[in-house]
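Undergrad:
There are 2 protein chains.
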Amino acid sequence: MPEPTFALGIDYGTESARALLVDVATGDEVATAVYEYANGVITETLPDSGTELPAHDWALQDPQDYLRALDATVPACLKEAGAGADQVIGIATDFTACTMLPTKADGTPLCTLDEFHAEPNAWVKLWKHHAAQPEADRVNETARRMGEGWLERYGGRISSEWFFPKALQILDEAPEVYRAADRLIEGADWIIWQLSGNETRNLCTAGYKAIWSKRDGFPPKAFFEALHPEFAEVIDQKMSRDVLALGARAGGLTDAMADRLGLAPGTAVAAGNVDAHVAVPACTVTGPGKMVMIMGTSICHMVCGTKELNVPGQCGVVEDGILPGLYGFEAGQSAVGDIFAWFVRSCVPAACVAEAEERNMSVHELLTERAAAYKPAETGLLALDWWNGNRSVLVDADLTGLMLGMHLGTRPEEMYRAIIEATAFGTYKIIRTFEEHGVAVEEIYCCGGLPERNDLLMQIYSDVTGREFKIARSAQTCALGSAMHGAVAAGKDAGGYDTIEDAAARMAGIRDKTYKPDPAAHKVYEKLYAEYDALHDHFGRGASDVMKRLKALKGVG
Amino acid sequence: MPEPTFALGIDYGTESARALLVDVATGDEVATAVYEYANGVITETLPDSGTELPAHDWALQDPQDYLRALDATVPACLKEAGAGADQVIGIATDFTACTMLPTKADGTPLCTLDEFHAEPNAWVKLWKHHAAQPEADRVNETARRMGEGWLERYGGRISSEWFFPKALQILDEAPEVYRAADRLIEGADWIIWQLSGNETRNLCTAGYKAIWSKRDGFPPKAFFEALHPEFAEVIDQKMSRDVLALGARAGGLTDAMADRLGLAPGTAVAAGNVDAHVAVPACTVTGPGKMVMIMGTSICHMVCGTKELNVPGQCGVVEDGILPGLYGFEAGQSAVGDIFAWFVRSCVPAACVAEAEERNMSVHELLTERAAAYKPAETGLLALDWWNGNRSVLVDADLTGLMLGMHLGTRPEEMYRAIIEATAFGTYKIIRTFEEHGVAVEEIYCCGGLPERNDLLMQIYSDVTGREFKIARSAQTCALGSAMHGAVAAGKDAGGYDTIEDAAARMAGIRDKTYKPDPAAHKVYEKLYAEYDALHDHFGRGASDVMKRLKALKGVG
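Chains as they are written, first to last, in numbering that gives the first Met the number 0: chain H, 0 to 556; chain Y, 0 to 556.
1. Is the shortest distance between the beta-carbon of Met546 of chain Y and the beta-carbons of chain H less than 8 angstroms?
2. Using three-state DSSP, classify Arg152 of chain H as helix, strand or coil.
3. If you pair each beta-carbon of the region 271-288 of chain Y with each one of the region 473-481 of chain Y, do three or more pairs fall below 8 angstroms?
4. Locate the alpha helix (DSSP H) running through Gln332 of chain H, then write down its first and last residues.
5. Give a yes or no on whether the minimum CB-CB distance between Val40 of chain Y and chain H is below 8 angstroms.
6. What is the residue span of the beta strand (DSSP E) that Thr31 of chain H lies within?
7. In its own chain, which residues sit with a C-beta less than 6 angstroms from the C-beta of Ala209 of chain H, not counting the 5 before and 5 after it?
8. Taking C-beta to C-beta, are Val33 of chain H and Val21 of chain H nearer than 8 angstroms?
9. Counting only the same chain and skipping the five closest in sequence on each side, list residues whose C-beta sits under 6 angstroms from that of Gly400 of chain H.
10. So is Asp558 of chain H in contact with chain Y if we call contact Cβ pairs under 8 angstroms?
11. Would you mind working out which of H:Ile190, H:Asp27, H:Tyr11, H:Ala121 sits nearest Ala503 of chain H, comparing C-alpha positions?
12. Quick one: residues in its chain with C-beta nearer than 8 angstroms to the C-beta of Ala263 of chain H, no 5 flanking neighbours on either side, listed in chain order?
13. Is there at least one Cβ from chain Y nearer than 8 angstroms to Leu365 of chain H's Cβ?
14. Given a cut-off of 8 angstroms, decide if Trp211 of chain Y and Gly106 of chain Y are closer than it, judged by their beta-carbon atoms.
15. Check each residue of the region 385-419 of chain H: if its Cβ is closer than 7 angstroms to any Cβ of chain Y, include it; give the result in chain order.
16. Looking at the unbroken alpha helix (DSSP H) that takes in Cys76 of chain Y, where does it start and where does it end?
17. Could you have a look at Val106 of chain Y and say whether DSSP puts it in helix, strand or coil?
18. Exposed or buried, which one is Thr367 of chain Y when buried takes at least 16 other CB atoms within 10 Å?
19. If you count every other CB in all the chains shown that lies within 10 Å of the CB of Pro119 of chain Y, and 16 or more means buried, which is it?
20. Taking the CB atoms as reference points, tell me whether Tyr444 of chain H and Lys469 of chain H lie closer together than 8 angstroms.
21. With DSSP run on the structure shown, which of helix, strand or coil describes Pro348 of chain Y?
22. Grouping DSSP H, G and I as helix and E and B as strand, with all else coil, what is Val394 of chain H?
23. Cβ of Arg248 of chain H less than 8 angstroms from any chain Y Cβ?
24. Determine the burial state of Arg214 of chain H: buried for a count of at least 16 other Cβ atoms within 10 Å of its Cβ, exposed for fewer.
25. Tell me which same chain residues have a C-beta within less than 7 angstroms of the C-beta of Ala54 of chain Y, skipping the five on either side of it?
26. Please name the residue or residues paired with Glu51 of chain Y in a DSSP beta bridge.
27. DSSP beta-bridge partners for Met292 of chain H?
28. Do Ala533 of chain Y and Val268 of chain Y have their C-beta atoms within less than 8 angstroms of each other?
29. Whole angstroms is fine: what's the gap from Gly448 of chain H's alpha carbon to Ala18 of chain H's?
30. Rounded to the nearest angstrom, how far is the Cβ of Leu308 of chain H from that of Val438 of chain H, given a contact under 8 angstroms?
31. Please go through the region 220-254 of chain Y and give each complete alpha helix (DSSP H) segment of 4 or more residues, from N-terminal end onward.
32. Let me know the secondary structure DSSP gives Gly336 of chain H once reduced to three states.
33. At what residues does the beta strand (DSSP E) containing Tyr11 of chain H begin and finish?
34. Output, in chain order, the set of chain H residues within a Cβ distance shorter than 8 angstroms of His537 of chain Y.
35. Taking 8 angstroms as the threshold (beta carbon to beta carbon), is Leu170 of chain H in contact with chain Y?
36. Work out the CA separation of Ser345 of chain Y and Arg410 of chain H for me, nearest whole Å.
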């Protein structure tokens, strides 16, 4: 029997990076290692200099942490698996996005230079950096005024989290940083540059975060010029119009990096990719009409179709953006697990916490156990899941949470259940909106932390939507998806695969256990969903703008 | 210097009774004693027999507890004050209402007879017994159908808490108890019967709970007959048309009771009264346009006017019902302190509880301290205070609580503040509704547990309403009010007073500290109140009946 062949996937998350070594022939996950970023998410002061960040909505990272993650995890995986360097045929990464940084022409991050070390705008802006809202507003207003056609592909509005608002913030606030930046680049591409020595740009972040499309390229120079005269040539001066397809080979591992990590020089390195999107084939999905939901602190919904369509609230539609040859649609709920965490942190009485401790379970588990004793509608509660705004159908960050139906006997587990149900209604709304606008959603596949942990939640999602929910076999779907792209970058001749479909057929899988809807429960939930929908429209579509007015009044008192 | 002269007031509450011995000349409270009812509020099983109550909305009491309260408190007060029997010139009581029971012709409660001891309908139905809702519905429907004019005096709808629904429930469910009951009587009048030996009926419970008015008396026989053939003669068979004015002398203390309690035989005993209403003169209020609010688990709002008017949501308007010669209006919020208690019980995280313990303060105090750091509107939250329905302007028990504006950083103390503000908006709505319908509210006086305990709450009420809030001097306003009525029952010639005005001038007082509105805060709260009002109307007046539909769906799943 020949020695097995491996691909290495590295998943760069918000707090940590995770490497996974996968058997290319079977999908067996043979070794894994995690690295918590030393500097984590930087929200208050810069490392070393102690420079205070200007506002509370900043979120930065240290690019050195991305390299430290390689050092800490790759050799550890090889050692755990007892794998030789030549058994690893391909490497791929996935990254949070848009997470971007300014660098010199050789890839050196500006924040590592003495000159800019104490300058916040020289650091990596993490996906959840929200301080570029004025720039996002300017991008949206300018695009509307100039009649930019691309706006519709992104649900009519782009987010402060995206590439150009963040780039423009550097120019607005720290023009010397902007001018010193030879390159502005996604972390997803920067890490590939470090591995392969080649500066490349990947289709996924270009399409979903930087307004690029296969047919139209980037927006025109006149648009960027209208945003800021110095911004006119941002694409050609600081970015690139060469965009690599997903799974394409960005290059071979450099000698220096091979030596550093214990891998073979020249090992295939795939083009960069985004954490959510690599999960799709890792859930076995390689065709249209199959929605993949990554369920954790938030939910990302992805589905492919055969036509470009504009669906209200979609984060974006990108040709080849998820799977080659298809239009990839992305939508999302901006807070799901985050709301449950808020509830446990802010609303759970001491007696619950004490009981959970005594029974050696988490508070989530205790609340879930109690909430499972209720039938649909039995709590009499209904909530709108807008604790972090609505970034799905309504695309409105100024919306807030709502709960009604409370009485003097209402118990914490009932409110917990109501919040779970509200997030399920939010997903149902997204599915229905896709279908109403011509994007089929015939099957549903899930991955992420919530399906791992919460049976009740999965059953409620199934009952609310009236759909079967299938769960990815891997508990590390993103890293597995990256490894699959690494196997594709290596290609069949090198022991990998020529297409992501082939890789998925051999390396991905789903679990035997699925969640099937109870028709009686679904019938009751249809009634509750009608109530959710009415509240959604009342508070979300202008009949009552009370949530926005309350936000506007916050500073008045 | 002659020996001081005292009046004794006894306040029969929900969980306990409190006696207060008051110096008639000065209002000095010289002695007090409390008795917790041995059988408390009976909600699950009957004493002794262990008979299970049929449903969770039952709330009964044991009439023996009312007598035990006398034994436990009256001698204790005399002893504490070192007062002789002949120094006490008058006794009066106030009671929760409608709290009613069936008795034999001599006043013996049916529940004390072996025959009926295990029969729930033979016991005292406490004010918050809510199991007579079907009977209340029948009373309201029948009154509407027959065009009964009195309905308007009671806000268009009477409550399941009132006398006739409770009496009708006995007839419906236990006709043998109904037939065996020679008398159906308020606890307020039963205790006077025990003290004086005379069966009397007082104007306050007759007017506010049994649909009696000075001009029209009770509803006609045809109305009662329409409710149930056997109910036709309920007034003349089991009640009385003789109604005593407030402060009237019901009789003299019986020899047996005088001996039992250590008082003088023949001591003046006043007609029965209701806990809320006796508080009005005890707050110094003896004229029109001055609202008295009793603020505790719920709020009762009372104000007198010179004309009979029908104000939406008023619990009732009764001529002479609060003060002689005036029309007494009553309104109320069905849950206030109860919502805060619910919040502390159900929604406060362990860390808050631990901090409160460490700092040796209550959780309420800790939350209040933290909530006080916020300015009006700063939390971004808004709530509807309907955790126990709405019994003020909307008179709708099927409404439920609502909160909106929550985000992932929302803290417990912000929600606590939002609930306090919601109850203040509820009071403001009541005040505005009175004024819009011609009942002047020129001054506000408060008493009860909340003004004693919560500075922040009082300031918020003042800021929301834009009014000064004055606080009764006595911490036991109801018992003081009763003692004042005892002094009036004794009369001037016996060392008391001839009118409640005279008694109030000498025995009642308010504190130096009042709460004055901050104009800037009021201005912001006017904006928030407009939002409250819009939600109030949207969810309370039929634009969205989601709260009722959710209640109706509760049993469906």
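Glycine included, every Cβ here is placed at the ideal spot set by N, Cα and C.
TA: On the basis of the supplied data:
1. With 8 angstroms as the cut-off, Met546 of chain Y counts as an interface residue toward chain H.
2. Three-state result, Arg152 of chain H: helix.
3. Contact between the region 271-288 of chain Y and the region 473-481 of chain Y is established, with three or more Cβ pairs separated by less than 8 angstroms.
4. Unbroken run through Gln332 of chain H is the beta strand (DSSP E), 326-332; no alpha helix (DSSP H).
5. Not closer than 8 angstroms to any Cβ of chain H, the Cβ of Val40 of chain Y fails to qualify, so no.
6. Counted as a single uninterrupted DSSP element, the beta strand (DSSP E) harbouring Thr31 of chain H occupies residues 28-35.
7. Closer than 6 angstroms at the Cβ level, and outside the excluded window around Ala209 of chain H, lie Phe162.
8. A distance of 8 angstroms or more separates the beta carbons of Val33 of chain H and Val21 of chain H.
9. Here Gly400 of chain H has Trp385, Trp386 as same chain residues with Cβ atoms under 6 angstroms from its own Cβ, once five neighbours each way along the sequence are excluded.
10. This structure cannot speak to residue 558 of chain H, because chain H is shown only from 0 to 556.
11. Of H:Ile190, H:Asp27, H:Tyr11, H:Ala121, the smallest CA-CA separation from Ala503 of chain H is found for H:Asp27.
12. Closer than 8 angstroms at Cβ, skipping near neighbours: Ala84, Asp85, Val87, Leu252, Ala257.
13. Residue contact check for Leu365 of chain H against chain Y: no CB pair falls below 8 angstroms.
14. It is not a contact, given that the beta carbons lie outside the stated cut-off.
15. In summary, the residues of the region 385-419 of chain H whose CB is separated from some CB of chain Y by less than 7 angstroms are Trp386, Asn387, Thr399, Gly400, Leu401, Met402, Leu403, Gly404, Met405, His406, Leu407, Thr409, Arg410, Pro411, in the order they occur in the chain.
16. 62-80 is the extent of the alpha helix (DSSP H) around Cys76 of chain Y.
17. First, the residue type needs correcting, since residue 106 of chain Y is Gly and not Val in the sequence shown. Collapsing the DSSP output to three states places Gly106 of chain Y in coil.
18. Label assigned to Thr367 of chain Y: buried.
19. When all chains shown are included, Pro119 of chain Y counts as buried.
20. Judged by their CB atoms, Tyr444 of chain H and Lys469 of chain H are nearer to each other than the 8 angstroms cut-off.
21. In the structure shown, Pro348 of chain Y adopts extended strand secondary structure according to DSSP, grouped into three states.
22. In the structure shown, Val394 of chain H sits in coil (DSSP, three-state: anything other than H, G, I, E or B).
23. Judged by the 8 angstroms Cβ criterion, Arg248 of chain H is not in contact with chain Y.
24. In summary, Arg214 of chain H is exposed, with fewer than 16 beta-carbon neighbours lying within 10 Å of its beta-carbon over all protein chains present.
25. The beta carbon of Ala54 of chain Y lies closer than 7 angstroms to those of Ala130 in the same chain, with the five residues before and after it left out.
26. Paired residues: Y:Thr44.
27. BP columns for Met292 of chain H point to H:His300, H:Cys445.
28. Contact: no.
29. In this model, Gly448 of chain H and Ala18 of chain H are separated by some 17 angstroms (Cα to Cα).
30. Indeed, because the Cβ distance is near 6 angstroms, the residues count as touching under 8 angstroms.
31. Counting only runs of 4 or more, we get 220-226, 233-237.
32. DSSP places Gly336 of chain H in helix when its eight states are reduced to three.
33. Boundaries of the beta strand (DSSP E) around Tyr11 of chain H: 5-11.
34. Residues of chain H whose Cβ lies closer than 8 angstroms to the Cβ of His537 of chain Y are, in chain order, His537, Ser543.
35. Chain Y, which has no Cβ nearer than 8 angstroms to the Cβ of Leu170 of chain H, makes this no.
36. One C-alpha to the other measures close to 6 angstroms.
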